[in-house]
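**Q**
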Amino acid sequence: MEIERSWLQELSQILRADQLLTGAAARRGYDCDAYTVDRFPPVAVALPESTAEVAELVRWCNVRKVPFTARGAGTGLSGGSLPALGGLVISTKKLTKILEIDLPNRQMLAQTGIANKKLSDAVKAAGLHFAPDPSSQTVATLGGNIAENAGGPHTLKYGVTSSHVVAITMVAPEGDVVELGSRVPGGPGLDLAGLVIGSEGTLGIATEAWVTLTPLPNHVITALVAFGTVRAATESVAEIIASGTIPAALEIMDRGILGALKAAFGLEYPAGTEALLLVECDADSADIVNAEMATVDAICRAQNCLNLETAEDEAARQKLWTARKKGVGAMGRLAPSIVTHDGVIPRSKLPEMLDTVYEVASRHQIGVANIFHAGDGNLHPCFYFDDRDPDQVRRVVEAGEEIMRRCIELGGSITGEHGIGVEKLDLMGLMFSPADLEFQAQAKRIFNDGALCNPCKVLPNQKSCVEHKSRWRGVAW
Amino acid sequence: MTLIHSIEDLQTLVKEKPLVRHMSPHRFRNSPLPPAVELDLRPCRGIIEVHPSDQVVVVRAGMGIRDLQTELAAHGQGLPWIAAPGEDPNLDLVTAIGLNLPHLGMATHASWREWVLGLTVIQPSGELVHCGSRAVKNVAGYDVQRLLVGARGTLGIIAEVILRTCPLKALPSVDSPSAMEIDFIQRCLPTDFVALVESLGDSVAYADEAASVVYGVGKPAVSGSGWSLFAGSYAISDPVQAKYWQRAKAEFDPSGKLNPGEVQL
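Sequence lines, in order, name chains A and X. So in the working numbering, the last spot in the first sequence is 477, and the numbers never skip. So in the working numbering, the last spot in the second sequence is 742, and the numbers never skip.
(1) Less than 8 Å between the beta carbons of Ile252(A) and Leu276(A), yes or no?
(2) Would you say Gln741(X) reaches chain A, if we count a Cβ-Cβ gap shorter than 8 Å as a contact?
(3) State the CB to CB distance for the pair Val674(X) and Val691(X), rounded to an integer number of angstroms; the pair is presumed to be in contact (CB under 8 Å).
(4) Would you list, in chain order, the members of the region 655-680 of chain X that have their beta-carbon closer than 8 Å to a beta-carbon of chain C?
(5) Which residues in chain X have a C-beta closer than 7 Å to the C-beta of Ile446(A)? List them in chain order.
(6) Using the rule of at least 16 other Cβ atoms within 10 Å of the residue's Cβ for burial, across every protein chain shown, is Gln365(A) buried or exposed?
(7) Are there 16 or more other CB atoms within 10 angstroms of the CB of Glu417(A), so buried, or fewer, so exposed?
(8) Within the present structure, is the beta-carbon of Glu352(A) separated from the nearest heavy atom of the ligand ATP by less than 7 Å?
(9) By Cβ distance, which residues of its chain are closer than 7 Å to Gly553(X), with the 5 residues on each side in sequence left out?
(10) Could you tell me the alpha carbon to alpha carbon distance between Trp210(A) and Asp102(A), rounded to whole angstroms?
(11) Would you tell me roughly how many angstroms separate the C-alpha atoms of Ile114(A) and Ser50(A), rounded to the nearest one?
(12) Assign Met657(X) to one of two classes, buried (16 or more other C-beta atoms within 10 Å of its C-beta) or exposed (fewer than that).
(13) Per DSSP, what kind of secondary structure is Pro351(A) in: helix, strand or coil?
(14) May I have a chain-ordered list of the alpha helix (DSSP H) segments no shorter than 4 residues that lie completely inside the region 258-303 of chain A?
(15) Name the two residues that bound the continuous beta strand (DSSP E) containing Ala209(A).
(16) Ignoring anything shorter than 4 residues or poking outside the region 531-595 of chain X, list the alpha helix (DSSP H) runs there in chain order.
(17) Roughly how many angstroms lie between the CA atoms of Val475(A) and Thr36(A), to the nearest whole one?
(18) Thinking C-alpha only, which one of Thr572(X), His580(X), Val534(X) is nearest Ser653(X)?
(19) Alpha carbon to alpha carbon, how far is Val296(A) from Thr769(X)? Give it in angstroms, no decimals.
(20) Thinking C-alpha only, which one of Met428(A), Leu119(A), Thr273(A), Pro351(A) is nearest Phe130(A)?
(21) Could you check where the alpha helix (DSSP H) with Ala26(A) kicks off and where it finishes?
(22) Please list the partners that Leu190(A) has in chain X, where partner means a Cβ-to-Cβ separation under 7 Å.
(23) Reducing DSSP to helix, strand and coil, say where Asn307(A) ends up.
(24) Considering only DSSP beta bridges, list what Phe729(X) is partnered with.
(25) The region 224-251 of chain A: which residues have C-beta closer than 7 Å to a C-beta of chain X, in chain order?
(26) What is the DSSP secondary structure of Glu314(A), reduced to helix, strand or coil?
(27) Answer yes or no: does any C-beta atom of chain X fall closer than 8 Å to that of Val475(A)?
(28) Can you have a look at Trp477(A) and say buried or exposed, based on whether 16 or more other CB atoms are within 10 angstroms of its CB?
(29) State yes or no: is the C-beta of Leu128(A) within less than 8 Å of the C-beta of Leu213(A)?
(30) Could one say the Cβ of Pro104(A) lies closer than 8 Å to chain X's Cβ atoms, at least one of them?
(31) Excluding the 5 residues flanking Gly541(X) on each side, which residues of the same chain have their C-beta closer than 6 Å to its C-beta?
(32) Exposed or buried, which one is Asp449(A) when buried takes at least 16 other CB atoms within 10 Å?
(33) Taking the alpha-carbon positions, what's the Gly695(X) to Gly703(X) distance?
(34) Against chain X, which members of the region 397-426 of chain A pass a CB distance test of less than 7 Å?
(35) Can you list the alpha helix (DSSP H) stretches of 4 or more residues lying completely in the region 380-438 of chain A, in chain order?
(36) Please check if any C-beta of chain A sits within less than 8 Å of the C-beta of Arg611(X).
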C-alpha cells in the first residue's frame, strides 16, 4: 500500500524529508528482520532523531490509527520488528548518541539506536564493558537488546540484558514519554522496566536507557576442546556446572558447523571431531581462573576429549573464538536459507535433547547444525534449506515445532533469547494455558491496551492478526 | 488468621471472600490496614522439586527462607540471601518476594527480581496461573513474575516460586550482623554513599558499603538519588509508578480484593 498524500503532508510537520522513507526499495528493505520466513512491507519508514520526535510520531499514529513497529538494526531472529499490519516502521537508526558516562557509578546513558558493541568500546579504556554480547553485537542496537532481553555467550556468568539495564525512557503506546526504573536498582514497587525489557517492542518504544557497566576481568583463559561425540561434550558441560564452577562462557559447535567453517574459512579440527566445546573462565585473580580451568581440564579428559587447547593472550583467545563467532555466518555456504531455533532446556537434559534434534532433522530430511549456549541449556539448532521451495519451508516449520514441544516437555522454554515475535506465536499455547496467556495479556494491557503498537507479536490470537497472518508468509516470494 | 495448608484451600478461600490479606506481619508493610480476612500461607510450605545440576528449586511460597536454605544445603545449593539487620531469618518467601526485601548479598548476587524464574499465582477469582519457567534463560512471553516481585501481593497471591539457586561455594561471604531493630533501609548511587552516611549520622545502624545501602533507625535522609523503604507506611509518590500501579490493579484485581490498603496510590 502506498502512503496517502495527506499522511505525507502531516508527517512532514514532524520530520524532515530525509527522515521519511517511502519508496519501494525502503518498503521492501524493512519488510522483515533476520527472520525472513514472514514478511510484510510498511507504508513508510520514519527515522526520528530524538525522544520528542518518536513521541510525536506515535501520537500521529494514534490519531490516524496507523500501526507502528519499532526497529533497531533488524537483526532480530523471530520477526519482532516485522511490521505485521503494515503501517509505520519507526527506526532508531539515528538515535545513536551516548549521552552520559558515569564511570564512578559504572553506568552509562545512551540512546537506544546505538550498537551494543559501541557501548563497550566507549568504556574499554576504563576497564569496563556492557556485558550482554549477542553474536550480532557489532550492529544489534541497545533498543533491540532491551526489546528482546538479549543474551549472548557470556550471559552464563554475567546475565542477560535485564540484569544490565536499570532505567528506560520510553514512548508509551499512546505517545506519553515515561521514565521507568531507577539508576539505583533493587527498590520497592513495581518493576516496570523489568516488564518492558523483553516485551519485544509491544509496550512502547525505548528511546534512552541507563545501562550498568561491568569490569573487564583481569585474567581470562579460553579453552577449545574437541570431542569424538556430541554426548561427551554435553555431559562435560553438565559436569562442569555441577562442580560449582560457573565459567564465563560454555559454547558447543557440532560437526555441521565445523563442516561449514571448513568450507567457508578452511578451518580444520582434529580427525574424528564431532563437537567442539569452547570454555572461557575469567576472574580478577589468576589463582581462581587457573583452578577453574584445572577443573574443566580434568572433566573433559575424563570424558575422553580428543584435544584440549588453551589460550591466555588476547590474540590467541580470539583465534579459539573464531569457530564460535563465524559459525553461523559460515552456514551461508550450506544453503540459501537458515532458520535458527532457540529452545531452552534445563542443562542436565542437554545430552538427551541433542539426540532428539538430530533424530527430528533426519526424519524431516533437513540439514541441521548446532551452535549453542550449552551452559544455559540454550540450544540453537540451525536448519539449512532453500526458502524458495514451499515443501522445504513446511518441513523446517514442522521440525522446529517438534523440537520446541520436546523442550517444553523437558521443563524448558520455546525461546531463550530470540523472542516469540511472530515466529513462535503458535507455540505459546504449548507452553502456557489459556489462563496463563490471559495473565500475560493483563500485564501487556498495563501499557498497551490498543492494537497499534507492534501488533500481532508475543501473544497469539490477537484481533485482526489471525486473518492477516497468511499474508505474511511467503509474501516476498 | 486462617491457616492455609494447601493451594486448593487458598484457591477456595480467595474465591469466596471479598477481601483477603496474605503476607506475614512485617515492619515494612503499610499500616494501618482496613479489615480483611487474614490468610497465613506459612503452613503451605516445602520444596516441590529441586534440581541441583540445573540450579533450580520449585518451592511453596509459605516456606521460610532459613528452612529452605537448610534443605537446599543438603543438595549443595543455597539462595544467595543473607538476612538484613533486623530481619527474621526465617521470613517466608511470599512476604520477602512481595516486598522485594533487600538483603546483605545484593552487591554481588542481586536479589529477588533476578532469582525468581517463575511463579504460580492465585488470582482474585481463585484461578491458578503460571508464569516464567524452570529454564534459567527464558524470554517466552511477558515477564509477569518480575512485575509481581515487589507488588506487595496486590496483583496476585504467589503460591509457588521457581527460584534460581547457587552452589554453596559460590554463595556470598557476608556475615549476618547481630540482631538489631531498624526503621528504614536506604540505597543510593555509590558516589552518594559517603554523603548519605554522613547526613544520617547516628541514625546508621549498619552500612553495607558494597551495595551502597544503609540500614538505620529513625527517619531516612533526603537523598539526591535512590530509594528508601521505611517502617509503618508505604505510599507511592512517583507519578509514573502511581499511574501504572493503578492500571495494573485495574487489570489484575479490579475489585480490589487482594491485600487492600497495602499500597497508597
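Virtual Cβ for every residue (Gly too), placed ideally from N, Cα, C. No experiment lies behind these values; they were computed from the predicted model shown.
**A** Per the coordinate set shown:
(1) yes
(2) no
(3) 6 Å
(4) Protein chains in the displayed structure are A and X, and chain C is not among them.
(5) Tyr721, Arg724, Ala725, Glu728
(6) exposed
(7) buried
(8) The model depicted lacks the ligand ATP and carries no ligand whatsoever.
(9) Pro529, Pro644, Leu645
(10) 10 Å
(11) Here the C-alpha atom of Ile114(A) lies approximately 13 Å from the C-alpha atom of Ser50(A).
(12) Counting Cβ neighbours within 10 Å, Met657(X) comes out exposed, since fewer than 16 surround it.
(13) helix
(14) 286-302
(15) 205-212
(16) 542-550, 570-575, 583-586, 589-592
(17) Annotation note: pLDDT 42 at Val475(A) (below 50); position unreliable, no value reported.
(18) His580(X)
(19) No answer is possible for residue 769(X): the residues shown for chain X start at 478 and end at 742.
(20) Leu119(A)
(21) 24-29
(22) Leu624, Gly627, Ala628, Gln718, Tyr721, Trp722, Ala725
(23) DSSP places Asn307(A) within a strand segment (E or B) once states are collapsed to three.
(24) Per DSSP, none; premise fails for Phe729(X).
(25) Ala238, Ile241, Ala242, Gly244, Ile246
(26) Per DSSP, reduced to three states, the secondary structure at Glu314(A) is helical.
(27) Because Val475(A) sits at a pLDDT of 42, beneath the cut-off of 50, its placement in the model cannot be relied upon, and the following sentence gives the value as read from the coordinates. By this cut-off, Val475(A) is not an interface position.
(28) Here the model assigns Trp477(A) a pLDDT of 35, short of 50, so the residue's position is not dependable and the matter cannot be decided.
(29) yes
(30) yes
(31) Asn567, Asp569
(32) exposed
(33) 18 Å
(34) Gly411, Gly412, Ser413, Ile414, Thr415, Gly416, Glu417, Gly419, Ile420
(35) 390-409, 428-431
(36) yes
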